[in-house]
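Visitor: Quick note: the sequence shown uses numbering that gives the first Met the number 0, first residue 0, plus one each step. Structure below; questions to follow.
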Amino acid sequence: MNIKQMKLSRRLFQLLTMCCVTLTFAQTDYKSFQPGEIWEDNNGVHINAHGGGITVVNDTYYWFGEHKGNNNQALVGVHVYSSKDLYNWKDEGVALKMKEDTSSKLQKGSVLERPKVIYNDKTNKYVLWFHHELKGQGYKAALTGVAVSDNITGPYEYIDSFRMHPGVWPKNFSEEEKAHAETYAKKEDLKWGQRSKHGVYFLRDFEGGQMSRDMTLFKDEDGSAYHITASEENGTLIISKLTDDYLSLSNEYVRVFPGGNNEAPAIFKKDGKYYMFSSGLTGWDPNPARSAMADSMLGPWKSLGNPVRGSEEEKETTFRSQSTYVLPVVGKKDAFIFMADRWTPKNPIDGRYIWLPVQFEDGKPILKWYNEWKLDFFDK
Ligand code: DGJ
0 MNIKQMKLSR RLFQLLTMCC VTLTFAQTDY KSFQPGEIWE DNNGVHINAH
50 GGGITVVNDT YYWFGEHKGN NNQALVGVHV YSSKDLYNWK DEGVALKMKE
100 DTSSKLQKGS VLERPKVIYN DKTNKYVLWF HHELKGQGYK AALTGVAVSD
150 NITGPYEYID SFRMHPGVWP KNFSEEEKAH AETYAKKEDL KWGQRSKHGV
200 YFLRDFEGGQ MSRDMTLFKD EDGSAYHITA SEENGTLIIS KLTDDYLSLS
250 NEYVRVFPGG NNEAPAIFKK DGKYYMFSSG LTGWDPNPAR SAMADSMLGP
300 WKSLGNPVRG SEEEKETTFR SQSTYVLPVV GKKDAFIFMA DRWTPKNPID
350 GRYIWLPVQF EDGKPILKWY NEWKLDFFDK
C-alpha cells in the first residue's frame, strides 16, 4: 500500500466510524413512558401515528396511525412503526399510501383518520379500516374505508370507502322504535341531539347508508371481529360484526347509546366482559371521557361514567386528550394501556401521545395521570 492508498483507507475508516456513531445515536433508549412529551422514533423524529392503534405479531408491536402534516389533509397516508418493548419505536414507513390519482377516492388531500389493523387467521391477510372523508368535502361524506395486505407493514391495497348498511335494519330497532322515529322525523323543530336520539338521522340515511366517522376495530378471542363507529351525525355509535374475511361489514349490527354523542371509541375485554372508552363531541378540543361495559359486543352496553380520577381539570379534559385505542400488553395478565391523542390542530404533526395504565376500581376501568411510568406498573 502506498501513502496515497493508506490515506484513502484511513479516511474511509473515519467515515465508517462516523456513520456507525450516527446510527448508534439515532437509536432511542427509552426505558419508560412519558405521556405528553416528544416521543422520538429510531431516526430521532417525533412519532407520526396519530389516532392510532396497535397490532401484535409474534413478539412485535406495530403501531399504525395518521401521518399528519401541518394541516388535517392526508398527504402521506397511514404510518407504521414497530417495537418489541413499547418504549422504543422503529419507523417502518407508510403502510397505506394516499393516491396521486385524482379519480381515486383515496386521493391526496382527503381526510384519513383513526386507522386500525387486524389479522385474519382464515385468509392470512392483514386488514386495515379507517375513517375516510372525500377531498374538499369537509366531514360530509362520513365513509369507512378498507385496505388489505399480505404483510403487516404493507403495502396495503386500498379496496374502497363507503357508507354503512344501506337498506338494512339493525338488530335492535323494533317496529315500535321505527314508528317512533317516523313520527319524530316529521317534527321540524327538533334539535340535533333529539334527532339522533329518536332515530331521525338513521331514517334519513337508511337507503343511502349510515355515516361512519371516529372508528375502531375489535377482534375477539373466537376470531369474530367488530367495527365500532360514530354514526348519525356523531349522535349514535354503530357496532357491526365484520364478515369472516374482515373485508366487509356483515348485516349483523346494533345502534348503541342513541343520542349519546360518543366519539373516539376504544374497546378491550377483561374476564369475559367488554369495556369501552369514548369521548364527547368537541372537535379537536378535549372533553370528559366516558366508559361503558357489556356482556356481548352487540350489547346491551351500560354506561360506567367518567373513568378519570384526578383533578377537576384532568376529569374535564381527560388529561387534555381523546381516546384512540386500548392495548393489551403481551405476556402480562390484566395489563391494558389507554392510548389517547393530545391534538394540536394548529400544527397537527406536533400532537402528543398520552399512554396511561388502565386500573380497576369496584369493577370499573379507571385512569390516573403519571408523568412517567413503566410496564412493571402492572406487576405490582
Ligand atoms: C374529533 C375526532 O375524534 C377526530 O378524530 C377528528 O375527527 C376531529 N374530531 C375533527 O374535528
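Ideal placement from N, C-alpha and C gives every residue a C-beta, glycine not left out. Note that the structure is predicted; figures quoted are calculated from it, not measured.
1) Taking a contact to mean a Cβ-Cβ separation below 8 angstroms, would you say Ile117 touches Ala224 in this structure?
2) Which class does Gly405 belong to by DSSP, given the choice of helix, strand or coil?
3) In chain order, what residues have a CB nearer than 6 angstroms to some heavy atom of the ligand DGJ?
4) Leu374 and Leu85 - do their beta-carbons sit closer together than 8 angstroms?
5) Can you find the residues in the same chain that come closer than 7 angstroms, C-beta to C-beta, to Pro299, ignoring five residues on each side of it along the sequence?
6) Taking one C-beta from the region 179-188 and one from the region 148-167 each time, how about it: are there three or more such pairs within less than 8 angstroms?
7) Rounding to the nearest angstrom, what Cα-Cα distance links Lys379 and Ser31 in this structure?
8) Excluding sequence positions up to five away, which residues of its chain have a Cβ less than 8 angstroms from the Cβ of Asp120?
9) At which residues does the alpha helix (DSSP H) containing His179 begin and terminate?
10) Beta-carbon within less than 6 angstroms of Phe129's beta-carbon, same chain only, minus the 5 sequence neighbours each way: which residues are those?
11) Mind checking who Gln209 pairs with in its DSSP beta bridge?
12) Does DSSP classify Val44 as helix, strand or coil?
13) Pair every Cβ in the region 308-316 with every Cβ in the region 32-41, then say whether three or more of these pairs are closer than 8 angstroms.
14) Is it right to say Asn346 is buried, meaning 16 or more other beta carbons lie within 10 angstroms of its own, or is it exposed?
15) If you measure between the beta carbons of Ala265 and Thr215, is that distance less than 8 angstroms?
16) Do Thr54 and Ile151 count as a contact pair if the criterion is CB distance below 8 angstroms?
17) Taking the beta strand (DSSP E) that Phe63 falls in, what are its first and last residues?
18) Could you give the C-beta distance for Leu246 and Val147, rounded to a whole number, given that I count them as a contact under 8 angstroms?
19) Measuring CA to CA, which of Arg289, Phe161, Asn171 is closest to Lys139?
20) Would you tell me roughly how many angstroms separate the C-alpha atoms of Gly350 and Gly51, rounded to the nearest one?
21) Using the C-alpha atoms, what's the distance from Ser295 back to Ser107?
22) With the cut-off set at 8 angstroms, would you say Ala180 and Leu202 are in Cβ contact?
23) Are the CB atoms of Gly68 and Val79 nearer to each other than 8 angstroms?
24) Quick one: grab the DSSP three-state call for Thr21.
25) What is the C-beta distance between Gln193 and Ile237, in whole angstroms, given that I count them as a contact (C-beta under 8 angstroms)?
Guide: Looking at the atomic coordinates:
1) Yes, the pair counts as a contact, with Cβ atoms nearer than the cut-off.
2) Nothing about residue 405 can be reported from this structure: the residues present for the chain run from 0 to 379 only.
3) Here the list is Gly50, Glu112, Arg113, Asp213, Glu262, Ala263, Gly282, Trp283, Gln321.
4) In this structure, the beta-carbon distance from Leu85 to Leu374 falls below 8 angstroms.
5) So the qualifying residues of the chain are Ala293.
6) With the cut-off at 8 angstroms, the region 179-188 and the region 148-167 do not touch.
7) Spanning the two alpha carbons is a distance of roughly 16 angstroms.
8) Closer than 8 angstroms at Cβ, skipping near neighbours: Gly222.
9) 174-184 is the span of the alpha helix (DSSP H), which, as asked, contains His179.
10) Shown here for Phe129: same chain residues with a beta carbon closer than 6 angstroms to its own, the five before and five after excluded, namely Leu111, Pro114, Gly144 in chain order.
11) According to DSSP, Gln209 bridges with Met163.
12) Assignment of Val44 by DSSP, reduced to helix, strand and coil, places it in the coil class.
13) By the criterion of at least three beta-carbon pairs nearer than 8 angstroms, the region 308-316 is not in contact with the region 32-41.
14) With fewer than 16 Cβ atoms within 10 Å of its Cβ, Asn346 is classed as exposed.
15) A contact, by the Cβ cut-off of 8 angstroms.
16) Contact flag set, yes.
17) Residues 59-65.
18) The pair is a contact, with the Cβ atoms about 7 angstroms apart (cut-off 8 angstroms).
19) It is Phe161 whose Cα lies nearest to the Cα of Lys139.
20) Rounded to the nearest angstrom, the two C-alpha atoms are 12 angstroms apart.
21) According to the sequence provided, residue 107 is Lys. The question's Ser does not apply to it. When rounded, the distance between both Cα atoms is 38 angstroms.
22) For Ala180 and Leu202, yes; Cβs fall inside 8 angstroms.
23) If you check the CB distance, Gly68 and Val79 do not come in under 8 angstroms.
24) Low per-residue confidence applies at Thr21: pLDDT is 46, beneath 50, and the placement is therefore not dependable, though the value from the model is reported in the following sentence. Correct three-state label for Thr21: helix.
25) 19 angstroms between Cβ atoms; not a contact.
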